[in-house]
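Enquirer:
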Amino acid sequence: MDEVLQEVKQEHKLHHVETVDKGQPVIDPGVPLKHVDTVDKSQPVIEPDVHVQPNNHKELLQEVRAAAAHAALVREVHAVSDAAGAGDGDEDVEASPIVAQLKHVETADKGHPALDPNAHVGKWDKEGFLQEVAAPHSLRHVEPSQMHDASRPAIPADAHVGGNPAKAVLEAIAHGEVPQLRHVEAPQ
């Protein structure tokens with residue numbers, strides 16, 4: 027990889043090459059061209075009763091920038107209030123003039139996941155799990171009559187599955203024998 031990077035960084039001597047551009051049509055001088063009327067259907071068809079409003083993309087971008095500036099201001103206020111220690115409610119709110127101007131607001135935040143109050147999330151003991159897997163286990167013997175294996179294909183009892191003769195046919199062809207073919211009509 028280093029060799030490739032070294033080769034790319036080296037100065038290369040390029041040769042000037044003349045190309046023949048055959049993308050342009052060849053029109054001999056003096057050949058008269060005919061006028062052709064075309065029907066250009068590349069423009070969209072807009073019904074007469076449809077009113078197209080002007081694009082307000084610039085105003086929308088200004089709103090987005092203003093919202094981003096507001097979010098930055100909110101982050102700054104939180105940083106200042108955290109630095110002043112006024113976020114816990116135990117300290118003096120007057121410690122920061124910005125925090126003193128803020129009003130208390132109750133919110134109904136529904137962004138939290140809905141967890142069952144009886145559910146407990148614990149730490150996964152990886153080492154204990156691996157030791158449990160590595161430890162010897164006592165397994166009991168199960169008779170085939172007690173097993174229910176639903177992964178096997180359901181083949182009817184009267185179905186007959188024969189061997190595939192392709193390998194034998196290919197070997198016969200390789201030895202120069204011509205296998206006997208039978209005529210088959212194509213379905214109509």
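Each residue of the sequence shown is one higher than the one before, starting from 27 at the first, in the working numbering.
Built from N, CA and C at the ideal position, the CB exists for glycine as well.
Would you kindly report the start and end of the unbroken alpha helix (DSSP H) that includes G154?
Expert: Its alpha helix (DSSP H) spans residues K152 to A160.
Enquirer: Could you check the C-alpha separation between A194 and A161 for me, to the nearest Å?
Expert: Counting only the Cα atoms, A161 lies some 51 Å from A194.
Enquirer: With I199 and P205 assumed to form a contact (beta carbons below 8 Å), what rounded beta-carbon distance in angstroms separates them?
Expert: 7 Å
Enquirer: Using 10 angstroms around the beta-carbon of S171, count the other beta-carbons present and answer buried if the total reaches 16, otherwise exposed.
Expert: exposed
Enquirer: Look at I72 and V78 and say whether their C-beta atoms are less than 8 Å apart.
Expert: yes
Enquirer: Check for me: the alpha helix (DSSP H) holding A185 runs from which residue to which?
Expert: Taken as a continuous stretch (DSSP letters only), A185 belongs to no alpha helix (DSSP H), as it is neither H nor E.
Enquirer: Pick helix, strand or coil for L165, following the three-state DSSP scheme.
Expert: Coil.
Enquirer: Closest to V100 by C-alpha separation, out of P80, N81 and L128, would be which residue?
Expert: L128
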